[in-house]
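Residue numbers (my numbering): 17 to 465. All C-beta atoms, glycine included, are put in the ideal place defined by N, C-alpha and C. All figures in this text were calculated on a predicted structure; none of them were measured in a lab. Heads up, the thing below is written out as structure tokens.
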């Protein structure tokens, strides 16, 4: 047994190579499997990098130590010090012959959730015991890739001169109007959890910071119960001054391409664990006009429900494109593509109308097949037009006073977008449910853990 600080790790399992044979090592991890053959025992010790085989020989080691090794329950935390020996029989090509072991944490039995068991647990059981679920190699792979995604985005932003900001998550009014808000009590006032940093990042365009980005939580009180929706998610947002639609789309292409490249370079083992193959996209991404998509869907005979009559009719210009429509488009466009020139009535008040046709907007979406992952566009920057748009959308300009005030003092043209980190992670990892991509997801029914 060890004491003091002797239990601290000197290497991860995946860091051990031929150059380490016949040297001493201390590994820390969880007991994944134990096989006791009487005179010999094998313990598989798992850390975040992989699994090490610990081979205990009763003839060459203290009996109490041998008995301790074979008696520790699965998923208990151990520290093992021993000598690395070459072993053709071991999966990694080497094994650890232990001479000191310390039990750092005993796992209760039975386990509420198997970590390496062949029988899969349902999603709710997994989320109720997320601490164990996250020990699974394939689940850890998702979050290693997610970390790379966020780091790659930040990498591009900093290279391109963006400044990182943090905006309030408790606000007095809706970002985009509507009712999809979580109301809360703020001392003696009514407040809400913010839907997005939209109004604040636009305000920053009047400060001289020019280019800003934020990676942070956003909240939407939508009563969805699907594999694609969350009520708390991570939004990757940018806003850039003296810029137009094409400028911000170009930054988005750079970010997405870098994300794919970095995941391929840094997470190839995780992709292999997930049996996931990806290819870095080439720039520029295809651009499909909304009107052309509607024509294609009309030819395909896609019907939507008419809000006035309650009956189905052929989709027409001005309708939002339903999931079934994007599934049809995805047959020809299974990867990344932009949707541009949306009708103005389908975009928020802050999106700039098209200068050649006020019925069209300078807004865009970025889709991957049938999935929307980004929404953005060029913003209204003229104060009179902004107030006109607020009125047109049935919003009280006085309620948005803190926001509109910044437009009265030389607001430059600007553009930006917001990317859902979870949906991009879902696409790259092949996760079948967006909740797989969040440590502790918040959906319509789940508030714990």
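Residue i and residue j closer than 8 angstroms at C-beta
i           : j           : result
residue 212 : residue 253 : yes
residue 358 : residue 379 : yes
residue 353 : residue 214 : no
residue 438 : residue 280 : no
residue 334 : residue 361 : yes
residue 200 : residue 451 : no
residue 216 : residue 183 : yes
residue 117 : residue 148 : no
residue 55  : residue 74  : yes
residue 3   : residue 271 : Residue 3 lies beyond the stretch modelled for the chain, which goes from 17 to 465, so this question has no answer here.
residue 197 : residue 167 : no
residue 69  : residue 30  : no
residue 262 : residue 218 : no
residue 268 : residue 390 : yes
residue 154 : residue 295 : no
residue 89  : residue 123 : yes
Identity of the residue in the options nearest residue i by Cα
i           : options               : result
residue 351 : 393, 386, 377 and 171 : 386
residue 224 : 197, 444, 429 and 284 : 429
residue 433 : 260, 342 and 369      : 260
residue 399 : 419, 409, 383 and 243 : 419
residue 185 : 375, 383 and 230      : 230
residue 50  : 44, 34, 72 and 30     : 72
residue 293 : 285, 300 and 299      : 285
residue 344 : 370, 336 and 316      : 316
residue 145 : 232, 313 and 127      : 127
residue 42  : 57, 113 and 83        : 113
residue 24  : 411, 45, 130 and 355  : 45
residue 275 : 445, 74 and 68        : 445
residue 336 : 410, 166, 133 and 363 : 363
residue 266 : 300, 287 and 406      : 300
residue 277 : 169, 241, 209 and 424 : 169
residue 22  : 35, 98, 461 and 324   : 98
residue 177 : 228, 207 and 132      : 228
residue 233 : 240, 248, 241 and 242 : 248
residue 384 : 76, 282 and 339       : 339
residue 115 : 235, 106, 141 and 76  : 76
residue 312 : 282, 106, 346 and 322 : 346
Residue i versus residue j: straight-line alpha-carbon distance, rounded
i           : j           : result
residue 93  : residue 119 : 6 angstroms
residue 104 : residue 37  : 13 angstroms
residue 449 : residue 40  : 43 angstroms
residue 175 : residue 250 : 22 angstroms
residue 465 : residue 459 : 12 angstroms
residue 332 : residue 310 : 6 angstroms
residue 172 : residue 264 : 13 angstroms
residue 397 : residue 427 : 6 angstroms
residue 17  : residue 32  : With a pLDDT of 48 at residue 17, under the threshold of 50, the predicted position of this residue should be treated as unreliable, and no value is reported.
residue 125 : residue 302 : 54 angstroms
residue 160 : residue 27  : 19 angstroms
residue 64  : residue 456 : 19 angstroms
residue 348 : residue 187 : 42 angstroms
residue 57  : residue 81  : 12 angstroms
residue 382 : residue 135 : 38 angstroms
residue 67  : residue 453 : 24 angstroms
residue 162 : residue 150 : 14 angstroms
residue 60  : residue 205 : 56 angstroms
residue 258 : residue 226 : 8 angstroms
residue 463 : residue 307 : 41 angstroms
residue 403 : residue 129 : 56 angstroms
residue 181 : residue 377 : 28 angstroms
residue 406 : residue 210 : 19 angstroms
residue 244 : residue 443 : 11 angstroms
residue 62  : residue 152 : 10 angstroms
residue 369 : residue 388 : 21 angstroms
Residue i Cβ short of 7 angstroms to the ligand MN heavy atom set
i           : result
residue 250 : For the ligand MN, the structure offers nothing, since it holds no ligand at all.
Distance between beta carbons of residue j and residue i, contact taken as under 8 angstroms
i           : j           : result
residue 422 : residue 394 : Contact doesn't hold; Cβ gap of about 17 angstroms is too wide.
residue 47  : residue 111 : Wrong, their Cβ atoms sit about 15 angstroms apart, outside the cutoff.
residue 320 : residue 329 : 7 angstroms
residue 415 : residue 189 : 5 angstroms
residue 86  : residue 52  : 4 angstroms
residue 441 : residue 158 : 7 angstroms
Beta carbon proximity, residue i to chain B, threshold 8 angstroms
i           : result
residue 325 : Reference to chain B is not applicable here, since this structure consists of a single protein chain.
Quiz item: At which residue ranges does the stretch 269–327 contain complete alpha helix (DSSP H) runs of 4 or more residues, listed in the order of the chain?
Solution: 284–289 and 306–315
Self-check item: Contiguous beta strand (DSSP E) assignments of at least 3 residues, all confined to the stretch 347–379
Solution: 352–356 and 373–377
Quiz prompt | beta strand (DSSP E) segments (min. 3 residues) lying fully within the stretch 185–240 | solution = 198–202, 205–209 and 227–235
Quiz prompt | alpha helix (DSSP H) runs contained entirely in the stretch 102–155, provided each spans 4 or more residues | solution = 139–144 and 146–149
Self-check item: Every unbroken beta strand (DSSP E) inside the stretch 28–83 [3 residues or more]
Solution: 40–52, 56–63 and 66–73
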